[in-house]
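**Student:** In this note's numbering, the protein residues as written are 613 to 1051.
The C-beta atom is built at its ideal place from N, Cα and C for all residues, glycine as well.
One structure, pasted below without further comment.
Okay, here's the thing in structure tokens:
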């Protein structure tokens, strides 16, 4: 077996006799911590050399072989070697030295990995600091060389005017659709006010179409189709600060949705009290308020106003923005109220709850009546003057099913089937349509 030197010199320790009273706890303690016997205290010399010899005497004979620095105390490394000598030989065998070496190598390997980890963390922190610095510099350069165009909702270069970005997304608010009975009541209220005072300013926004065109479809009325709590509308209004985009979403009974932009750069907001002329009097009084969102700029495919008429904590929606364009969804129970002027809510299955806003020329083509002039006739409405029949919106006498031009506030359906199914369910189809058969 390989012997471990007992000192720092080249001498080797020879096997010593076993010390039966030896203990690890005593070896690991400093000499001053071990209480000396009275006899040893009396014999202890006073010189420094004698003190060191006194401390050395506190270690057992076997442990002294591992006190390489001669201080009378086993340090951490010396104590580790002593603990490997479980057979109290006073030296380490090849196997014990191998085990100690492996332990030291493993400790060095762990230390090396720890150093690598620390170095990696330092490098990562340095890279992150550089990236933050680069981002800050890029932001400063962009802020200096670009500007926001509120009209086009874009970011442009100051020098060349080149567009470098657009607003990507906007916040969306949802409008609650009116129930059937509530919608009928609101529709009746608006119709009575318009009939009583056609020039009333409160309902000027409801007349759809271009004023220079005298065709009947341009006099279509936009009725209330949805509602929103007034407190939510005020939140929406606060977000329309001239720079942000805010959308309004309508959800239909079959789960389909229609989303329009109500706020963007260029949209103006006006708040005013709604005026209502008392019946039989010339007095005009204010009732709640009306909030109008309008984009007055020329824009391709631009819709008109969005109007909220607020009463008793609820704001009811109307205006061209809430009318569906061609191809957009519409509620069949509303007739064609959900569509823009010149469009009708159509489906080929009357059991559907939601249709699509469609031009009349396409409705006629879908129903195999394309030979009829779509400029001369419109949709179908219920005529209560002669026994509640569904008639076509066209000059009386022009064709067999024409019942005369309807009033702008009259509900209109794309086909006779839809009209009879929604307005005259108690009659058979051939009894519902006046002057059967269909043209």
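Contact defined as beta carbons within less than 8 Å: I believe residue 989 pairs with residue 1005. What is the distance between those atoms, to the nearest angstrom?
**Tutor:** Here residue 989 corresponds to residue number 377 of the chain shown, with the count starting at 1. Here residue 1005 corresponds to residue number 393 of the chain shown, with the count starting at 1. Contact holds; Cβ gap of about 7 Å.
**Student:** Anyone know if the C-beta pair for residue 931 and residue 917 falls short of 9 Å?
**Tutor:** Position 319 of the chain shown holds residue 931. Position 305 of the chain shown holds residue 917. Cβ distance < 9 Å, so residue 931 and residue 917 count as in contact.
**Student:** Just the C-alpha distance for residue 1038 and residue 1019, rounded to the nearest angstrom, thanks.
**Tutor:** Sequence index remark: in the chain shown, residue 1038 carries index 426 (1-based). Sequence index remark: in the chain shown, residue 1019 carries index 407 (1-based). Rounded to the nearest angstrom, the two C-alpha atoms are 24 Å apart.
**Student:** For residue 1034 and residue 866, I'd like the C-alpha separation in whole angstroms.
**Tutor:** Here residue 1034 refers to the residue found at position 422 of the chain shown. Here residue 866 refers to the residue found at position 254 of the chain shown. If I take the Cα positions, the gap works out to 18 Å.
**Student:** Quick check on the burial criterion: 16 or more other C-beta atoms within 10 angstroms. Buried or exposed for residue 877?
**Tutor:** On the chain shown, residue 877 is found 265 positions in, with the first residue counted as 1. With 16 or more other Cβ atoms within 10 Å, it is buried.
**Student:** What is the DSSP secondary structure of residue 758, reduced to helix, strand or coil?
**Tutor:** Taking the chain shown and counting its residues from 1, the one referred to as residue 758 is at position 146. Reduced to three states, the DSSP call for residue 758 is strand.
**Student:** For residue 716, name the three-state secondary structure that DSSP assigns.
**Tutor:** Looking up residue 716 in the chain shown gives position 104. DSSP places residue 716 in helix when its eight states are reduced to three.
**Student:** Rounded to the nearest angstrom, what separates residue 692 and residue 727 at their Cα positions?
**Tutor:** The sequence position of residue 692 within the chain shown is 80, counting from 1. The sequence position of residue 727 within the chain shown is 115, counting from 1. Between residue 692 and residue 727, the C-alpha separation is close to 25 Å.
**Student:** Skipping 5 residues on each side, what residues in its chain have a beta carbon closer than 7 Å to that of residue 1008?
**Tutor:** Along the chain shown, one-based indexing puts residue 1008 at 396. Correct list, in chain order: 1014, 1015, 1016.
**Student:** Is it the case that the Cβ atoms of residue 902 and residue 885 are separated by a distance below 9 Å?
**Tutor:** Taking the chain shown and counting its residues from 1, the one referred to as residue 902 is at position 290. Taking the chain shown and counting its residues from 1, the one referred to as residue 885 is at position 273. Going by C-beta atoms, residue 902 is nearer than 9 Å to residue 885.
**Student:** Is it buried or exposed for residue 685, if we count other Cβ within 10 angstroms and need 16 for buried?
**Tutor:** Walking along the chain shown from the start, residue 685 turns up at place 73. By the 10 Å Cβ count, residue 685 comes out buried.
**Student:** Just tell me which of 804, 958, 942, 681 has its CA closest to the CA of residue 978.
**Tutor:** Position 366 of the chain shown, counting from 1, holds the residue named residue 978. If we check each option's Cα against that of residue 978, 958 comes out closest.
**Student:** Give the single residue among 736, 836, 784 whose Cα lies nearest to the Cα of residue 800.
**Tutor:** Here residue 800 corresponds to residue number 188 of the chain shown, with the count starting at 1. Ranking the options by Cα distance to residue 800, first place goes to 836.
**Student:** What separation, rounded to the nearest whole angstrom, lies between the Cα atoms of residue 862 and residue 736?
**Tutor:** Taking the first residue of the chain shown as 1, we reach residue 862 at position 250. Taking the first residue of the chain shown as 1, we reach residue 736 at position 124. C-alpha separation (whole angstroms): 49 Å.
**Student:** Under 8 Å by Cβ, that's how I've got residue 565 and residue 852 pegged, so tell me the actual separation to the nearest angstrom.
**Tutor:** A question about residue 565 goes unanswered here, because the residues of the chain that appear run from 613 up to 1051.
**Student:** Over what stretch of residues does the alpha helix (DSSP H) that includes residue 808 continue unbroken?
**Tutor:** Position 196 of the chain shown, counted from the first residue, corresponds to residue 808. Note, residue 808: alpha helix (DSSP H), 792-808.
**Student:** In whole angstroms, what separates the C-alpha of residue 732 from that of residue 744?
**Tutor:** Walking along the chain shown from the start, residue 732 turns up at place 120. Walking along the chain shown from the start, residue 744 turns up at place 132. C-alpha separation (whole angstroms): 18 Å.
**Student:** Just to confirm before moving on: does the CB-CB distance between residue 922 and residue 950 stay below 9 Å?
**Tutor:** If you number the chain shown from 1, residue 922 lands on position 310. If you number the chain shown from 1, residue 950 lands on position 338. No. Outside cutoff.
**Student:** Give me the Cβ distance between residue 1026 and residue 991, rounded to the nearest whole Å; I'm assuming they're in contact under 8 Å.
**Tutor:** Locating residue 1026 in the chain shown gives position 414, where the first residue counts as 1. Locating residue 991 in the chain shown gives position 379, where the first residue counts as 1. Rounded, the Cβ-Cβ distance is 5 Å, consistent with contact.
**Student:** Just to confirm the assignment, what range does the beta strand (DSSP E) spanning residue 1005 have?
**Tutor:** Against the chain shown, residue 1005 aligns to sequence position 393. Residues 1001-1006.
**Student:** Would you mind stating whether residue 787 and residue 934 have Cβ atoms separated by less than 9 Å?
**Tutor:** By 1-based counting over the chain shown, the position of residue 787 is 175. By 1-based counting over the chain shown, the position of residue 934 is 322. Their beta carbons are under 9 Å apart, which means residue 787 touches residue 934 by this criterion.
**Student:** Locate the beta strand (DSSP E) running through residue 971, then write down its first and last residues.
**Tutor:** Within the chain shown, the letter at position 359 stands for residue 971. Residues 966-971.
**Student:** What would DSSP say about residue 735, mapped onto helix, strand or coil?
**Tutor:** In the chain shown, residue 735 corresponds to position 123, counting from 1. Here residue 735 sits in helix by DSSP.
**Student:** Measure the alpha-carbon distance for residue 673 versus residue 739 and round it to whole angstroms.
**Tutor:** Working through the chain shown from its first residue, we reach residue 673 at position 61. Working through the chain shown from its first residue, we reach residue 739 at position 127. Answer to the nearest angstrom: the Cα atoms are 59 Å apart.
**Student:** Whole angstroms are fine: how far does the CA of residue 807 sit from the CA of residue 965?
**Tutor:** Translated into positions along the chain shown, residue 965 becomes position 353. Translated into positions along the chain shown, residue 807 becomes position 195. Taking the straight line from one Cα to the other gives about 30 Å.
**Student:** When we look at the beta-carbon of residue 896 and count the other beta-carbons within 10 Å, is it buried (16 or more) or exposed?
**Tutor:** Working through the chain shown from its first residue, we reach residue 896 at position 284. For residue 896, the predicted structure reports a pLDDT of 46, less than 50, and the residue's modelled location is therefore unreliable. The matter cannot be settled from this model.
**Student:** With DSSP as the reference, label residue 685 as helix, strand or coil.
**Tutor:** Looking up residue 685 in the chain shown gives position 73. Coil at residue 685, not helix or strand.
**Student:** Buried or exposed: where does residue 792 fall if 16 or more other Cβ atoms within 10 Å of its Cβ makes it buried?
**Tutor:** In the chain shown, the residue the question calls residue 792 occupies position 180. Per the 10 Å Cβ criterion, exposed.
**Student:** Going by the beta-carbon positions, is the gap between residue 941 and residue 868 smaller than 9 Å?
**Tutor:** Start at 1 with the first residue of the chain shown, and residue 941 comes out as number 329. Start at 1 with the first residue of the chain shown, and residue 868 comes out as number 256. Yes.
**Student:** Go through its chain and collect everything with a Cβ distance to residue 1056's Cβ below 7 Å, but skip five positions before and after it.
**Tutor:** Nothing about residue 1056 can be read from this structure; the chain reaches only from 613 to 1051.
**Student:** At which residues does the alpha helix (DSSP H) containing residue 848 begin and terminate?
**Tutor:** Here residue 848 refers to the residue found at position 236 of the chain shown. Here the alpha helix (DSSP H) through residue 848 covers 842-851.
**Student:** Give the single residue among 747, 749, 748, 774 whose Cα lies nearest to the Cα of residue 760.
**Tutor:** By 1-based counting over the chain shown, the position of residue 760 is 148. Among 747, 749, 748, 774, the Cα nearest to that of residue 760 belongs to 774.
**Student:** May I have the straight-line CA-CA distance separating residue 975 from residue 997, to the nearest angstrom?
**Tutor:** Numbered from 1 along the chain shown, position 363 holds the residue referred to as residue 975. Numbered from 1 along the chain shown, position 385 holds the residue referred to as residue 997. One C-alpha to the other measures close to 27 Å.
**Student:** Assign residue 950 to one of three DSSP states: helix, strand, or coil.
**Tutor:** For the purposes of this step, residue 950 is taken as the residue at position 338 of the chain shown. Correct three-state label for residue 950: coil.
**Student:** Please report the straight-line C-alpha distance between residue 1043 and residue 809, rounded to a whole angstrom.
**Tutor:** Locating residue 1043 in the chain shown gives position 431, counting from the first residue. Locating residue 809 in the chain shown gives position 197, counting from the first residue. Spanning the two alpha carbons is a distance of roughly 36 Å.
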